[in-house]
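Asks:
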Amino acid sequence: MVRQSPDPDVSLYALIAYYLRFLRLKHNMTQDEVGKIIGCTKSQVSKYEGGTRQIDEREADILDQLWDTGGILTILLRYAKLGVDPNWSEKLRRYQRNASVLRIYYNNVIPMPFQTEGYARSLLTAGHDAQLVDDVERAVAKRMEHQEAMLADDPAIWAVLDEVALRPMAEAAVMEEQRDLLLKLSLLRHVSIRVIPEKALPYIGVDGGFSCFELPRGLRVAFAGTSLNVGRVIEDQVEAARVAVRFEKIAAQAWSEVQSREWISRMRT
């Protein structure tokens with residue numbers, strides 16, 4: 000099935016996808032031929048042209064030279080990274096569900112897939128009050144369904160939470176249920192939950208949370224954002240690898256799994 004190029008007026012990423020197909024057809028090349036040149040499959044090229052995946056800087060540079068564009072693809076990609084992809088939330092959900100390994104760092108709230116229904120409802124109610132969420136109960140149901148999908152295949156989850164992320168965000172009964180769930184999940188063989196103590200400050204990461212995903216065929220993806228419902232999915236493999244290194248540097252500041260579990264347990268009293 001041939002994917003249609005997105006409307007180039009939607010975003011810079013959509014313009015890149017549209018222009019990739021335009022240039023390929025102008026030079027009478029097939030998707031298979033382009034894929035062999037940049038080192039990927041015909042299916043991958045189709046995704047690039049359909050706007051469901053983005054080329055990286057290496058691929059953009061190769062195609063700029065191949066088609067003598069004056070570097071326009073690389074320039075467009077550079078500016079696109081400074082903006083917002085309107086499809087970021089859809090991409091994020093897909094990567095969260097399909098990842099075999101998730102590395103999650105959060106510095107302000109307990110992240111998915113660790114939220115109880117009550118905790119999620121408290122957060123989403125605040126979003127409703129700020130006019131960011133229309134229907135709280137519908138949003139809670141969707142979040143619980145998505146969390147279940149994230150955990151369905153028992154992916155390896157390495158989570159690092161700032162001590163602040165476990166502060167009360169709801170009434171006592173809801174928070175106790177939330178902490179019980181964290182303790183239960185922390186005992187699973189494929190889940191690691193560690194806490195960074197306040198005494199570790201300052202450390203890189205206090206400016207915001209992010210996630211890293213490992214997917215089939217060795218693909219890496221990262222995500223940062225959600226402030227004011229704005230996020231950025233990082234598909235460039237070099238940049239995503241840098242985010243993974245950043246995660247390891249932050250994790251080095253955390254308590255061990257046992258120490259973290261003991262701290263979370265004491266928070267229940």
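Taken in order, the sequence shown gives residues 0 to 268; the numbers are from numbering that gives the first Met the number 0. C-beta atoms are modelled at their ideal positions from N, C-alpha and C, and glycine is treated no differently. None of these values were measured; they are calculated from a predicted model.
Please report the distance separating the alpha-carbon of Q95 from that of L165.
Replies: The alpha-carbon atoms of Q95 and L165 are separated by roughly 22 Å.
Asks: What are the start and end residues of each continuous beta strand (DSSP E) run of 3 or more residues lying completely inside the segment 215-244, in chain order?
Replies: Segments of the beta strand (DSSP E) lying fully in the segment 215-244: 219-224, 230-233.
Asks: For I195 and G208, I'd like the C-alpha separation in whole angstroms.
Replies: Rounded to the nearest angstrom, the two C-alpha atoms are 13 Å apart.
Asks: Applying the criterion that 16 or more other CB atoms from any shown protein chain within 10 Å of the CB defines a buried residue, is A357 buried or exposed?
Replies: Nothing in the structure corresponds to residue 357, since the chain is present only between 0 and 268.
Asks: Report the residue ranges of all beta strand (DSSP E) runs contained in full by the segment 79-150; include only those spanning at least 3 residues, in chain order.
Replies: Complete beta strand (DSSP E) runs here, min 3: 100-105.
Asks: Under 7 Å Cβ to Cβ from M266, same chain only, skipping five residues before and after it: list those, please.
Replies: Excluding sequence neighbours, M266 sits near L165, R178.
Asks: Hey, how far is the Cα of E170 from the Cα of V163?
Replies: Each residue's Cα considered, the two are about 16 Å apart.
Asks: Whose C-beta lies closer than 8 Å to the C-beta of A243 among residues of the same chain, with five residues either side of it excluded?
Replies: Only R102, C211, R219, A221 meet the Cβ criterion.
Asks: I believe G70 touches Y12 by the beta-carbon criterion, under 8 Å. Please report the beta-carbon distance rounded to the nearest angstrom.
Replies: Actually they are not in contact, since the Cβ atoms of G70 and Y12 sit about 18 Å apart, beyond 8 Å.
Asks: Which word fits F246, buried or exposed, when buried means at least 16 other C-beta atoms lie within 10 angstroms of its C-beta?
Replies: The residue in question, F246, is buried, as its Cβ has 16 or more Cβ neighbours within 10 Å.
Asks: If contacts are defined as beta-carbon pairs under 8 Å, then R142 and M111 qualify, I think. What distance do you get, rounded to the angstrom?
Replies: Right, the Cβ-Cβ distance comes to about 7 Å (below 8 Å), so this counts as a contact.
Asks: Could you round the C-beta distance between I203 and A158 to whole angstroms and report it? I think they count as a contact, below 8 Å.
Replies: Not quite, the Cβ-Cβ distance comes to about 17 Å (not below 8 Å), so this is no contact.
Asks: With L123 and M168 assumed to form a contact (beta carbons below 8 Å), what rounded beta-carbon distance in angstroms separates them?
Replies: That belief does not hold up - the Cβ atoms of L123 and M168 are roughly 11 Å apart, past 8 Å.
Asks: Identify the continuous alpha helix (DSSP H) that holds V296 and give its terminal residues.
Replies: Summary: the structure shown does not reach residue 296, with the chain confined to residues 0 through 268, and so no result is reported for it.
Asks: What is the DSSP secondary structure of V44, counted as helix, strand or coil?
Replies: Helix.
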